[in-house]
Amino acid sequence: GQRSGIQSRGLQEFRGPRSLPASQAGSSARGAGNQPGSRSSIGQIAALQSQLVQASQLHPESVASGAQANVGAGEQYLVFSLLECECALKAEHIQGVERLVDVTPVPNVVPWVRGVMNLRGSVASVVDLRAFLDMEQLPYNPRTRLLSVQYNEMVICLIVDGVSDMVPIHDTAITQIITRQTYIPQWALSYAYGSALLDKRVIVLLDAARLLFSDKMQHYSVEL
Numbered sequence: 097g098q099r100s101g102i103q104s105r106g107l108q109e110f111r112g113p114r115s116l117p118a119s120q121a122g123s124s125a126r127g128a129g130n131q132p133g134s135r136s137s138i139g140q141i142a143a144l145q146s147q148l149v150q151a152s153q154l155h156p157e158s159v160a161s162g163a164q165a166n167v168g169a170g171e172q173y174l175v176f177s178l179l180e181c182e183c184a185l186k187a188e189h190i191q192g193v194e195r196l197v198d199v200t201p202v203p204n205v206v207p208w209v210r211g212v213m214n215l216r217g218s219v220a221s222v223v224d225l226r227a228f229l230d231m232e233q234l235p236y237n238p239r240t241r242l243l244s245v246q247y248n249e250m251v252i253c254l255i256v257d258g259v260s261d262m263v264p265i266h267d268t269a270i271t272q273i274i275t276r277q278t279y280i281p282q283w284a285l286s287y288a289y290g291s292a293l294l295d296k297r298v299i300v301l302l303d304a305a306r307l308l309f310s311d312k313m314q315h316y317s318v319e320l
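This is how it looks when you write it as structure tokens:
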């Protein structure tokens with residue numbers, strides 16, 4: 097099929113988000129997660145944001161400039177849920193964790209693109225990760241979260257079912273996808289590079305680049 101012209105509109109905003117006043121962005125649609133959060137959920141998000149800042153300070157670029165990292169501790173991952181499955185992305189690719197806020201629908205896009213939102217003064221597109229992965233669709237709830245994921249210049253806000261914690265995962269705990277012993281659900285095969293077993297928890301490790309730059313993510317528009 098014909099490519100969707102990502103260079104010209106729509107998800108191109110990820111590569112160079114344009115500015116949009118908060119009063120305009122996200123004024124058309126409201127999600128269940130936009131209800132006032134409990135103190136516990138707000139506290140959890142604040143704690144995760146703090147951990148993300150700390151993780152970014154130990155990014156290899158920071159280490160090269162003098163910061164000291166605990167090499168034996170493993171790389172930091174943010175763990176989130178999709179239905180009953182626990183997944184994770186490297187913390188270095190997570191800009192932030194938010195409650196589900198107002199999302200403005202946009203025309204002529206596939207159903208898994210929920211619209212756009214104001215992300216700290218810029219417009220970012222919002223993708224329902226469950227819908228993108230062709231998983232069962234359920235209503236959003238107060239545990240629903242938005243992950244702003246960045247790889248190079250591309251930023252996408254992903255809707256997930258919940259965020260649990262930040263964990264260090266050492267390379268020795270990761271089973272690569274090429275091995276038969278690894279457990280990777282069918283819907284994750286194209287976007288995962290392995291799984292990790294942590295205290296009897298099986299965590300599917302997703303690759304931010306494979307996800308954000310996949311052909312499917314680029315073919316977001318509906319041909320009219």
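In this note's numbering, the protein residues as written are 97 to 320. Where is the CB? At the ideal position from N, CA and C, for every residue including glycine. What you are looking at is a predicted structure, and each value in this text was computed from that prediction instead of being measured.
Taking just the CA atoms, how far does Gln282 sit from Ser218? Along the sequence shown, one-based indexing puts residue 218 at 122. Along the sequence shown, one-based indexing puts residue 282 at 186. Going by the C-alpha atoms only, they are around 35 angstroms apart.
May I ask you to check if the CB of Leu293 is nearer than 7 angstroms to at least one heavy atom of the ligand GTP? What this structure holds is no ligand at all, so the ligand GTP is not there to describe.
Under the rule that 16 or more other beta-carbon atoms within 10 Å means buried, what is Val318, buried or exposed? By one-based count along the sequence shown, residue 318 stands at place 222. By the C-beta density criterion, Val318 is exposed, having fewer than 16 other C-beta atoms within 10 angstroms.
Going by the beta-carbon positions, is the gap between Leu225 and Leu254 smaller than 8 angstroms? Working through the sequence shown from its first residue, we reach residue 225 at position 129. Working through the sequence shown from its first residue, we reach residue 254 at position 158. Yes; because the gap between Cβ atoms is below 8 angstroms, this pair is in contact.
Rank Tyr173, Tyr287, Glu182 by C-alpha distance to the C-alpha of Lys296 and give the top, closest one. Taking the sequence shown and counting its residues from 1, the one referred to as residue 296 is at position 200. The candidate whose alpha carbon is nearest that of Lys296 is Glu182.
Any idea what DSSP makes of Phe309, helix, strand or coil? Residue mapping note: residue 309 aligns to position 213 of the sequence shown, counting from 1. Residue state, collapsed to three classes: coil.
Within a Cβ cutoff of 6 angstroms, which residues of the same chain sit near Ala305, ignoring the five residues on either side of it in sequence? To locate residue 305, count along the sequence shown from 1; it is residue 209. Hits under 6 angstroms: Tyr247.
Pop quiz: Ala184 and Leu285 are said to be a contact at Cβ under 8 angstroms. What is the actual Cβ separation, rounded to whole angstroms? Start at 1 with the first residue of the sequence shown, and residue 184 comes out as number 88. Start at 1 with the first residue of the sequence shown, and residue 285 comes out as number 189. Not confirmed; about 16 angstroms, so no contact.
Buried or exposed for Gln233, going by 16 or more other Cβ atoms inside 10 Å? What you label residue 233 is simply residue 137 of the sequence shown in a count that begins at 1. Counting every other CB atom within 10 Å of its CB across the protein chains shown gives Gln233 a total below 16, marking it as exposed.
Specify, as a first and last residue, the run of the beta strand (DSSP E) that Arg226 falls within. Taking the sequence shown and counting its residues from 1, the one referred to as residue 226 is at position 130. Counting along the chain, Arg226 falls outside any beta strand (DSSP E), though it belongs to the alpha helix (DSSP H) covering 225–228.
Leu178 and Asp257 closer than 8 angstroms at C-beta: Mapped onto the sequence shown, residue 178 falls at position 82. Mapped onto the sequence shown, residue 257 falls at position 161. Contact: yes.
In terms of residue numbering, what span does the beta strand (DSSP E) encompassing Thr271 cover? Indexing the sequence shown from 1 puts residue 271 at position 175. Thr271 -> beta strand (DSSP E) spans 270–272.
Report back the beta-carbon spacing between Ala227 and Trp208 to the nearest angstrom; my notes put them in contact at under 8 angstroms. For the purposes of this step, residue 227 is identified with residue 131 of the sequence shown, where counting begins at 1. For the purposes of this step, residue 208 is identified with residue 112 of the sequence shown, where counting begins at 1. Contact between Ala227 and Trp208 holds: CB atoms are separated by about 4 angstroms, below the 8 angstroms threshold.
Taking the straight line between their C-alpha atoms, what separation do you get for Gly290 and Thr268? Position 194 of the sequence shown, counted from the first residue, corresponds to residue 290. Position 172 of the sequence shown, counted from the first residue, corresponds to residue 268. Going from the Cα of Gly290 to the Cα of Thr268 covers about 12 angstroms.
Go to Ile190, then tell me how far its beta strand (DSSP E) extends in each direction, as first and last residue. Here residue 190 refers to the residue found at position 94 of the sequence shown. Segment 190–195, the beta strand (DSSP E) holding Ile190.
Using the Cα positions of Thr200 and Gly211, report the straight-line distance between them to the nearest angstrom. Locating residue 200 in the sequence shown gives position 104, counting from the first residue. Locating residue 211 in the sequence shown gives position 115, counting from the first residue. Each residue's Cα considered, the two are about 5 angstroms apart.
To the nearest angstrom, report how far apart Ser310 and Ile274 are at their CA atoms. Counting from 1 along the sequence shown, the entry for residue 310 is found at position 214. Counting from 1 along the sequence shown, the entry for residue 274 is found at position 178. So the alpha carbons of these two residues sit roughly 19 angstroms apart.
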